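Residues 0 to 527 in numbering that gives the first Met the number 0 are what the sequence shown lists, from first letter to last.
Glycine residues also receive a C-beta, built at the ideal position from the N, C-alpha and C atoms.
None of the values given here were measured: they were computed from a predicted structure.
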Amino acid sequence: MARNEKSNKWGVPGAVVIFLPLLFFLWLISTDVNTTTLYKGLNYGSNQTSTPSNNNYLHELIPSNFDNESCLSRFEWPLFRKSSPYMPSSYLLQKLRNYETLHKKCGPNTPLYQKSIQQLNSGHSIESMECNYVVWIPLAGLGNRMLSLISTFFYAIITNRVMLIQLTDELVDLFCEPFPDTSWILPPDFPIKNLDKFDVNSNVTYGNMLDKHVIISNHSYNTKVESLPSYVYVYLVDNYRTSDMMFFCNDDQIVLGKVNWLLLKSDLYFLPSLCSSTPMFEEELGRLFPAKESVFYLLAHYLIHPSNNVWGLVRRYYMSYLAKADEKIGIQVRVFWFAKVSSDVIFQQILKCAKMENVFPELDSNGTKFIETDEQKPSKAILVASLYASYYEKFKSMYYEHSVKTGELVSVYQPSHEEKQNTENQSHNQKALAEIYLLSLCDVLMTSGWSTFGYVSSGLAGIKPLILMPVWHKKVAEMPCVREASMEPCNLSPTKVRCKGKIIIEKERLQQYVKQCPDIDDGIKLFD
0 MARNEKSNKW
10 GVPGAVVIFL
20 PLLFFLWLIS
30 TDVNTTTLYK
40 GLNYGSNQTS
50 TPSNNNYLHE
60 LIPSNFDNES
70 CLSRFEWPLF
80 RKSSPYMPSS
90 YLLQKLRNYE
100 TLHKKCGPNT
110 PLYQKSIQQL
120 NSGHSIESME
130 CNYVVWIPLA
140 GLGNRMLSLI
150 STFFYAIITN
160 RVMLIQLTDE
170 LVDLFCEPFP
180 DTSWILPPDF
190 PIKNLDKFDV
200 NSNVTYGNML
210 DKHVIISNHS
220 YNTKVESLPS
230 YVYVYLVDNY
240 RTSDMMFFCN
250 DDQIVLGKVN
260 WLLLKSDLYF
270 LPSLCSSTPM
280 FEEELGRLFP
290 AKESVFYLLA
300 HYLIHPSNNV
310 WGLVRRYYMS
320 YLAKADEKIG
330 IQVRVFWFAK
340 VSSDVIFQQI
350 LKCAKMENVF
360 PELDSNGTKF
370 IETDEQKPSK
380 AILVASLYAS
390 YYEKFKSMYY
400 EHSVKTGELV
410 SVYQPSHEEK
420 QNTENQSHNQ
430 KALAEIYLLS
440 LCDVLMTSGW
450 STFGYVSSGL
460 AGIKPLILMP
470 VWHKKVAEMP
480 CVREASMEPC
490 NLSPTKVRCK
500 GKIIIEKERL
510 QQYVKQCPDI
520 DDGIKLFD
């Protein structure tokens with residue numbers, strides 16, 4: 000470009016250079032974005048800016064026929080992020096475009112949806128149906144919900160099902176609609192009521208149907224569609240039984256593929272189990288995601304976008320407190336009820352981890368460091384995300400009472416401290432989602448082991464975090480933290496079932512992309 004500009008002066012290339020910023024400025028005006036604020040945010044430092052390649056990635060992944068104003072986060076969030084090395088494969092892009100077409104054709108209140116509701120009421124599945132569905136039922140905390148939602152969407156796109164979500168009161172105004180010209184919300188007149196009451200003992204779970212021989216998967220290819228119920232309830236929760244785990248077997252997937260409606264409840268990131276246990280999905284994973292650890296990152300960037308109200312919380316806080324920092328460090332602390340220790344113990348664990356990994360600037364305990372007031376020093380912002388204020392207070396006191404040897408300026412922030420988890424409260428969830436996205440805008444992340452909140456934050460950020468090792472018997476592990484080898488979330492409770500089918504995935508091949516989670520021995524995750 001520079002060579003052309005020199006040779007052509009104000010010729011066509013020069014005109015293009017002048018014209019493109021004008022187009023960008025006009026676009027900002029048309030989308031009602033605060034242009035001055037956003038522009039400043041993109042120029043505080045190179046570590047906050049996105050590159051043109053990041054914008055190209057955005058426009059490839061996100062369909063172009065969206066109204067920008069209806070969901071500002073969909074187009075603004077990547078502008079605050081570093082460019083990503085993970086580009087969507089052409090196969091994934093085609094799969095998403097095909098899914099959008101299918102969802103628009105089969106979505107709520109379409110003629111094909113109404114036809115499918117008639118089939119649902121008939122009591123049995125029908126082979127000739129154009130549209131098949133998987134209904135996502137929310138369960139547990141926000142982190143669990145986002146992980147199971149992404150897993151369910153992955154299942155939908157590889158099985159050609161339309162995903163609809165049960166929108167409970169606490170989820171209202173949390174996420175944007177992800178698909179153009181249609182809705183993903185299950186209509187309130189859906190004939191099956193009280194979906195939240197379905198549990199492991201419900202007669203319609205896949206496991207119970209197998210146990211009672213309502214469904215027989217041994218002869219999957221010979222199973223007639225009309226012999227199958229109109230819907231099956233899939234229970235993939237951490238206390239699921241062996242018969243429920245048969246969902247992940249090849250023969251069982253062949254049978255379930257003939258059922259028109261699946262109602263799926265999960266609190267897990269069950270996606271790794273889908274690909275590590277089911278040969279028919281393993282090949283599809285490789286085609287969709289050549290980089291295995293980019294699965295959650297790419298699908299979440301496509302599917303999940305905070306509503307304008309939630310994004311307002313994120314943008315205002317980020318621009319007011321974090322944007323000017325040269326480096327942003329996110330610290331997410333979750334203390335589980337079964338492993339409670341004092342905040343002092345956890346704080347010392349954080350400091351040991353930070354010292355081991357050189358996360359924080361070293362304190363000048365003697366207070367002898369002379370600071371040149373007219374010299375501009377690098378700045379660090381520490382963002383604390385926790386239900387409790389104690390960790391924020393300890394950090395704030397530490398940097399108030401001590402200077403740092405490098406002379407760096409350190410600021411400490413905490414957006415909220417709710418004291419207890421209240422998943423059934425909409426306002427609580429909006430604040431939690433805002434903090435997940437604020438963490439995703441950090442350059443360094445330290446998150447609690449076993450925490451789905453932490454998994455989602457680092458997965459959205461595309462960062463391999465430092466994982467604070469879980470506390471056992473009120474005792475901190477000798478190794479305070481470990482550096483993650485993958486940014487993929489952990490499936491905390493993967494299937495342990497031995498499938499009956501003859502087709503299995505070779506163990507050696509499996510070990511190339513599935514590994515044990517560092518924070519829980521039984522967990523598995525995808526990696527490269």
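Label I215 either buried or exposed according to how many other C-beta atoms from any shown protein chain fall within 10 Å of its C-beta, with 16 as the threshold for buried.
Taking the sequence shown and counting its residues from 1, the one referred to as residue 215 is at position 216. When all chains shown are included, I215 counts as exposed.
Under the assumption that V403 contacts D363 (Cβ atoms under 8 Å), give the Cβ distance between them as a whole number of angstroms.
Along the sequence shown, one-based indexing puts residue 403 at 404. Along the sequence shown, one-based indexing puts residue 363 at 364. With a Cβ gap of about 6 Å, V403 and D363 count as contacting.
What number of angstroms, rounded off, separates the C-alpha of L525 from the C-alpha of P464?
If you number the sequence shown from 1, residue 525 lands on position 526. If you number the sequence shown from 1, residue 464 lands on position 465. Cα-Cα distance, rounded: 15 Å.
L270 bridges to which residues according to DSSP?
Taking the first residue of the sequence shown as position 1, residue 270 is located at position 271. Paired residues: none, contrary to the question.
Can you say whether M478 is buried or exposed, counting buried as having 16 or more other CB atoms within 10 angstroms of its CB?
Taking the first residue of the sequence shown as position 1, residue 478 is located at position 479. M478 should be labelled exposed.
Cα-Cα separation between W336 and E418, rounded to whole angstroms
Counted from its first residue, the sequence shown places residue 336 at position 337. Counted from its first residue, the sequence shown places residue 418 at position 419. Cα to Cα, W336 sits roughly 13 Å from E418.
Which value, in whole angstroms, describes the spacing of the CA atoms of S63 and N200?
Within the sequence shown, residue 63 is the residue found at index 64, counting from 1. Within the sequence shown, residue 200 is the residue found at index 201, counting from 1. Those two C-alpha atoms are separated by around 44 Å.
Where does D403 sit, in a helix, a strand or coil, going by DSSP?
The residue you call residue 403 lines up with position 404 of the sequence shown. Per the sequence shown, residue 403 should be read as Val rather than Asp. Correct three-state label for V403: strand.
According to DSSP, simplified to helix, strand and coil, what is E99?
As a first step, residue 99 must be located in the sequence shown, where it is residue number 100. Reduced to three states, the DSSP call for E99 is helix.
Between K395 and the rest of its own chain, which residues show a CB-CB distance below 8 Å, the 5 nearest in sequence each way excluded?
Taking the first residue of the sequence shown as position 1, residue 395 is located at position 396. Counting only Cβ-Cβ distances below 8 Å, and skipping sequence neighbours, we find V411.
Going by Cα to Cα distance, which pick from Y154, V344 and Q331 is closest to L386?
The residue given as residue 386 occupies position 387 in the sequence shown. Closest option to L386, Cα to Cα, is Q331.
For L78 and P20, the rounded distance between their alpha carbons
The count along the sequence shown starts at 1 and reaches residue 20 at position 21. The count along the sequence shown starts at 1 and reaches residue 78 at position 79. Per-residue confidence for P20 stands at a pLDDT of 40, beneath the threshold of 50, marking its modelled position as unreliable; the derived number appears in the next sentence. The alpha-carbon atoms of P20 and L78 are separated by roughly 15 Å.
Tell me, which residues are paired with Y230 by DSSP?
If you number the sequence shown from 1, residue 230 lands on position 231. BP columns for Y230 point to W260.
Quickly, what does DSSP pair P305 with across the bridge? List them, please.
Within the sequence shown, residue 305 is the residue found at index 306, counting from 1. In the DSSP output, where bridge partners are listed per residue, P305 has F174.
Taking just the CA atoms, how far does F174 sit from D66?
In the sequence shown, counting from the first residue as 1, residue 66 sits at position 67. In the sequence shown, counting from the first residue as 1, residue 174 sits at position 175. Cα to Cα, D66 sits roughly 15 Å from F174.
Inter-residue spacing [alpha-carbon to alpha-carbon] between T30 and N308
Taking the sequence shown and counting its residues from 1, the one referred to as residue 30 is at position 31. Taking the sequence shown and counting its residues from 1, the one referred to as residue 308 is at position 309. The predicted position of T30 is uncertain, since its pLDDT is 41 and thus under 50; a value taken from the coordinates is nonetheless stated next. Between T30 and N308, the C-alpha separation is close to 16 Å.
State the start and end residues of the unbroken beta strand (DSSP E) segment that holds D520.
Taking the first residue of the sequence shown as 1, we reach residue 520 at position 521. That run of the beta strand (DSSP E) goes I519 to L525.
With 16 as the cutoff for other CB atoms within 10 Å, does T151 come out buried or exposed?
Stepping through the sequence shown from its first residue, residue 151 is reached at position 152. Classification for T151: buried.
What did DSSP end up calling H416 once you bin it into helix, strand or coil?
Walking along the sequence shown from the start, residue 416 turns up at place 417. In the structure shown, H416 sits in coil (DSSP, three-state: anything other than H, G, I, E or B).
Through-space distance from Y320 to K376, alpha-carbon basis:
As a working mapping, residue 376 is identified with position 377 in the sequence shown. As a working mapping, residue 320 is identified with position 321 in the sequence shown. One C-alpha to the other measures close to 17 Å.
Keeping to the same chain, check which residues put their C-beta closer than 7 Å to that of S121; ignore five residues upstream and five downstream.
Taking the first residue of the sequence shown as position 1, residue 121 is located at position 122. Excluding positions up to five away in sequence, the list reads S229.
Quick one: what's V528 bridged to in DSSP?
Residue 528 falls outside the range modelled here, since the chain spans only 0 to 527, and no answer is possible.
Does the count of Cβ pairs from the region 255 to 266 and the region 225 to 240 closer than 8 Å reach three?
yes
Extent of the continuous alpha helix (DSSP H) run through I149:
Taking the sequence shown and counting its residues from 1, the one referred to as residue 149 is at position 150. Start and end: L141 to T158.
Determine the direct distance from the alpha carbon of T167 to that of Y132, and round the result to whole angstroms.
Counting from 1 along the sequence shown, the entry for residue 132 is found at position 133. Counting from 1 along the sequence shown, the entry for residue 167 is found at position 168. Cα to Cα, the separation comes out at about 19 Å.
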